[in-house]
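Protein sequences appear in the order of chains A and B.
By our numbering, the letter at position 322 of the first sequence is numbered 345, and the numbering carries on one by one without gaps.
By our numbering, the letter at position 163 of the second sequence is numbered 177, and the numbering carries on one by one without gaps.
Virtual Cβ for every residue (Gly too), placed ideally from N, Cα, C.
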Amino acid sequence: MSIKVSGVTKKFGDFVALDDISVDLPKGQLTALLGPSGGGKSTLLRIIAGLEDADSGTVTIEGNEATHLPPQKRNVGFVFQHYAAFKHMSVAKNVAFGLEIRKRPKAETEKRVAELLELVHLSQFSHRLPAQLSGGQRQRMALARALAVEPTVLLLDEPFGALDAKVRKELRDWLRRLHDEVHVTTVFVTHDQEEALEVADEIVVINDGRIEQVGTPDQLYDEPASEFVMSFLGPVTKLNGRLVRPHDIDVHTTPEDSLGKAGKIVRLLRVGFEVRLTVELEEADHPDVEVTVTRATQRHLNLEEGLRIWVSPTNGARTQSPIRAVN
Amino acid sequence: MASVGIATTPGTPHQRRTRSRRSLTPGSGLALGISVVWLSLLVLIPLTAVLLSAADLGLKGFWDVVTQPQTLAALRLTVLESIAVTLLNVVMGTMLAWVLVRDRFPGKRLLDLFIDVPFALPTIVAGLVLLTLYGPKSPLGMHANNTRWAVFLALAFVTLPFVVRTAQPVLESLERDVEEAAASLGAGRLTTFRRVILPSLVPAIAAGAALAFARAISEYGSLVLLSGNLPYRTEVASVRIYGFNQDGNRASASAIAAILLIVALLVIVALDILQRRLARRGD
Numbered sequence: 024m025s026i027k028v029s030g031v032t033k034k035f036g037d038f039v040a041l042d043d044i045s046v047d048l049p050k051g052q053l054t055a056l057l058g059p060s061g062g063g064k065s066t067l068l069r070i071i072a073g074l075e076d077a078d079s080g081t082v083t084i085e086g087n088e089a090t091h092l093p094p095q096k097r098n099v100g101f102v103f104q105h106y107a108a109f110k111h112m113s114v115a116k117n118v119a120f121g122l123e124i125r126k127r128p129k130a131e132t133e134k135r136v137a138e139l140l141e142l143v144h145l146s147q148f149s150h151r152l153p154a155q156l157s158g159g160q161r162q163r164m165a166l167a168r169a170l171a172v173e174p175t176v177l178l179l180d181e182p183f184g185a186l187d188a189k190v191r192k193e194l195r196d197w198l199r200r201l202h203d204e205v206h207v208t209t210v211f212v213t214h215d216q217e218e219a220l221e222v223a224d225e226i227v228v229i230n231d232g233r234i235e236q237v238g239t240p241d242q243l244y245d246e247p248a249s250e251f252v253m254s255f256l257g258p259v260t261k262l263n264g265r266l267v268r269p270h271d272i273d274v275h276t277t278p279e280d281s282l283g284k285a286g287k288i289v290r291l292l293r294v295g296f297e298v299r300l301t302v303e304l305e306e307a308d309h310p311d312v313e314v315t316v317t318r319a320t321q322r323h324l325n326l327e328e329g330l331r332i333w334v335s336p337t338n339g340a341r342t343q344s345p346i347r348a349v350n
Numbered sequence: 015m016a017s018v019g020i021a022t023t024p025g026t027p028h029q030r031r032t033r034s035r036r037s038l039t040p041g042s043g044l045a046l047g048i049s050v051v052w053l054s055l056l057v058l059i060p061l062t063a064v065l066l067s068a069a070d071l072g073l074k075g076f077w078d079v080v081t082q083p084q085t086l087a088a089l090r091l092t093v094l095e096s097i098a099v100t101l102l103n104v105v106m107g108t109m110l111a112w113v114l115v116r117d118r119f120p121g122k123r124l125l126d127l128f129i130d131v132p133f134a135l136p137t138i139v140a141g142l143v144l145l146t147l148y149g150p151k152s153p154l155g156m157h158a159n160n161t162r163w164a165v166f167l168a169l170a171f172v173t174l175p176f177v178v179r180t181a182q183p184v185l186e187s188l189e190r191d192v193e194e195a196a197a198s199l200g201a202g203r204l205t206t207f208r209r210v211i212l213p214s215l216v217p218a219i220a221a222g223a224a225l226a227f228a229r230a231i232s233e234y235g236s237l238v239l240l241s242g243n244l245p246y247r248t249e250v251a252s253v254r255i256y257g258f259n260q261d262g263n264r265a266s267a268s269a270i271a272a273i274l275l276i277v278a279l280l281v282i283v284a285l286d287i288l289q290r291r292l293a294r295r296g297d
């Protein structure tokens, strides 16, 4: 295990940010800390980096006890949401900072900076000031700066949170590819489940200062350990008293079997290739069911508002009893 | 990825000029005119008058006035004490600003309020306060009257707020994550301050220093009571100007005034260049 967190608790006044958290983050992997804002995931990352002290518990990095080490001694690379660029230094100077602190020979520093700028595609901007770069470029500069010191672990705190949707998506793919190239143990914090599912090898879901579940993206999506995990990782709706994903519901225009529940389409919304239906069931007191079908299915079945249909969970669909699972 | 964020080239000077010409509406043209007239009436015309008045002496007469031993002594004292006080302010002002922004302690708001007192106080009142505290009847037993310390004290008192008030907002706007980034890259507190914080502060400190220096070389009211205005010893340039004027020698007074004006301009320009250089250098 590259990073081992045991029994970490952190309070800010009365607010419990982390409540006795223990988690092992594997070496060489890309791990996402996923959860809603204020859930404690950034605090955990900052404790691993030494930017915040835990009230109790321990942190070891690659087998070295790090709980009481200052950030300077932990050899972690940290990337901040708002870039934290050294505004008065050129891009090259920013990247060279950590190496200059370590008093590396000048020629070596220059060579390494050139390599890193090449890696993050900023070679032609090396003499610019950060203010002359776009947000995405600034974040790539920050990444190169963090990688320059060859950190044991790379920590990223909502790294794409300040960027617009398109750039965020590009940088996300790029981070994945970069990680496949560099192989440094990487942990990033995000509240965007799509980002976590798309990029991470492993996801740690954190909510209310506790770990809800740890697993691969597929495990989390297919076998959520709790209602929270299931609903945080994607849309859910309730059918027959169980949680189910809207795309895991079959729609029929005839009562094919006794399992299907009859209802009426009260709302139909098309978003691109996806068609979202709101179905009012005939069964009294059953809440409306949200169903997602493809455009092709909609056309094939002639689905439209007011139509009577039968809905049932798709065979093999993952459902979750809406009682919080105890782990 | 190479396609991300293609750098936009800044507008060429030509484009910028046309844009500003278009934005110069009749209303702002009027405001510009009034501003120029106002500035001329208040600043440019009087300054020119002083220079013209000094020019009455002719080059030789001008030279004779400013090289008079008593005048030279006053000018030297003024400039040296002003430089010393400015340097003091650079250190103390930065420290005060730091404490006011970064530390939490009871009475912080009050201290913050007091910073402006020396600036707000009429200078002659400041002079009176200093005379009471450090004069012949000092309750502290510290007698600075009729010494050069009197000049230094008075100048330090009246120039206190400048560096504090220019550095403070810049310190407040500095993001903490920049310091955290430096720390995680291995920089100790001192290195972080020297290489990351100070460069961002330098322009503000230089601006404050320029103001403090300009104020110091022109100071009169706060030091006139305590310094004793002894020729060759504690007489400053502004007192010398006053003396010449009292003797009816307006041209000589103007000559010294012109020298002060030139020194002030030189220092302001020098600090401006320094601030631009340091702000750009990067370490």
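Here the alpha carbon of THR342 (chain A) sits roughly 10 Å from the alpha carbon of THR260 (chain A).
In the three-state scheme derived from DSSP, where H, G and I count as helix and E and B as strand, ASP196 (chain A) is classed as helix.
A straight-line Cα-Cα distance of about 54 Å links SER268 (chain B) and GLU123 (chain A).
Judged by beta-carbon spacing, ILE231 (chain B) lies beyond the 8 Å limit of VAL80 (chain B), meaning their Cβ atoms are not closer than that value. Looking from the CA of THR83 (chain A), the closest CA among A:GLY30, A:ASP37, A:GLY62 belongs to A:GLY30. Bridge pairing for PHE176 (chain B): absent [DSSP]. Counting every other CB atom within 10 Å of its CB across the protein chains shown gives ASN159 (chain B) a total of 16 or more, marking it as buried. ALA115 (chain A) is positioned such that its CB atom lies no closer than 8 Å to that of ARG97 (chain A). Between ARG195 (chain A) and GLU221 (chain A), the gap from beta carbon to beta carbon is short of 8 Å. In terms of Cα proximity to SER149 (chain A), the closest of A:ARG163, A:LEU179, A:SER113 is A:SER113.
One finds GLN95, GLY121, ILE124, ARG125, VAL172 in chain A with Cβ atoms closer than 7 Å to the Cβ of GLY200 (chain B), taken in chain order. Residues of chain B whose Cβ lies closer than 9 Å to the Cβ of PHE255 (chain A) do not exist; the shortest such Cβ separation is about 27 Å. Under the DSSP definition of a beta bridge, GLY238 (chain A) partners with A:ILE226.
Inclusion of PHE227 (chain B) and SER96 (chain B) in the CB contact set at 8 Å is warranted, their separation being smaller than that value. Between the region 154 to 168 of chain B and the region 230 to 248 of chain B there are three or more inter-stretch CB-CB distances shorter than 8 Å, so the stretches are counted as touching. LEU57 (chain A) sits in a strand when the DSSP states are folded into three classes. Contacts between THR205 (chain B) and chain A, judged by CB atoms closer than 8 Å, involve ILE124 in chain order. Following the DSSP letters along the chain, one finds GLU123 (chain A) inside the alpha helix (DSSP H) bounded by residues 114 to 124. If you draw a straight line from the Cα of ALA89 (chain A) to the Cα of SER214 (chain B), it is about 32 Å long.
A direct Cα-to-Cα measurement between PRO83 (chain B) and VAL51 (chain B) gives close to 40 Å.
Annotation: the continuous alpha helix (DSSP H) that includes VAL64 (chain B) extends over 59 to 69.
Assignment of GLN343 (chain A) by DSSP, reduced to helix, strand and coil, places it in the strand class. Contacts with chain B at 8 Å (Cβ-Cβ) include LEU74 (chain A). The C-alpha of GLY61 (chain A) lies about 22 Å from the C-alpha of THR209 (chain A). In the displayed model, PHE76 (chain B) falls within a helix according to three-state DSSP.
Boundaries of the alpha helix (DSSP H) around THR100 (chain B): 83 to 116. Not flagged as an interface residue toward chain B: LYS64 (chain A), since no C-beta distance is shorter than 8 Å.
Non-local beta-carbon contacts of PHE120 (chain A) in its own chain, meaning distances under 8 Å to residues more than five positions away in sequence, involve PHE109, MET112, ARG168, ALA171 in chain order. At a cut-off of 8 Å, the C-beta of ALA218 (chain B) has no neighbouring C-beta in chain A. Residues of chain B with a Cβ closer than 8 Å to the Cβ of ALA107 (chain A) are, in chain order, GLU189, ASP191, VAL192, GLU194, ALA195. Between the alpha carbons of ILE70 (chain A) and VAL212 (chain A) lies a distance of about 13 Å. Look at ALA154 (chain A) here: in three-state DSSP terms it is helix.
In the pairwise beta carbon analysis, the region 53 to 72 of chain B is classified as not touching the region 195 to 204 of chain B: fewer than three pairs are separated by under 8 Å. Excluding residues up to 5 positions away in sequence, VAL102, TYR106 lie with their Cβ nearer than 6 Å to the Cβ of ALA165 (chain A) in the same chain. In the structure shown, ARG229 (chain B) adopts helical secondary structure according to DSSP, grouped into three states. Look at the beta carbons and you see the region 144 to 151 of chain B not touching the region 206 to 225 of chain B: under three pairs across the two are nearer than 8 Å.
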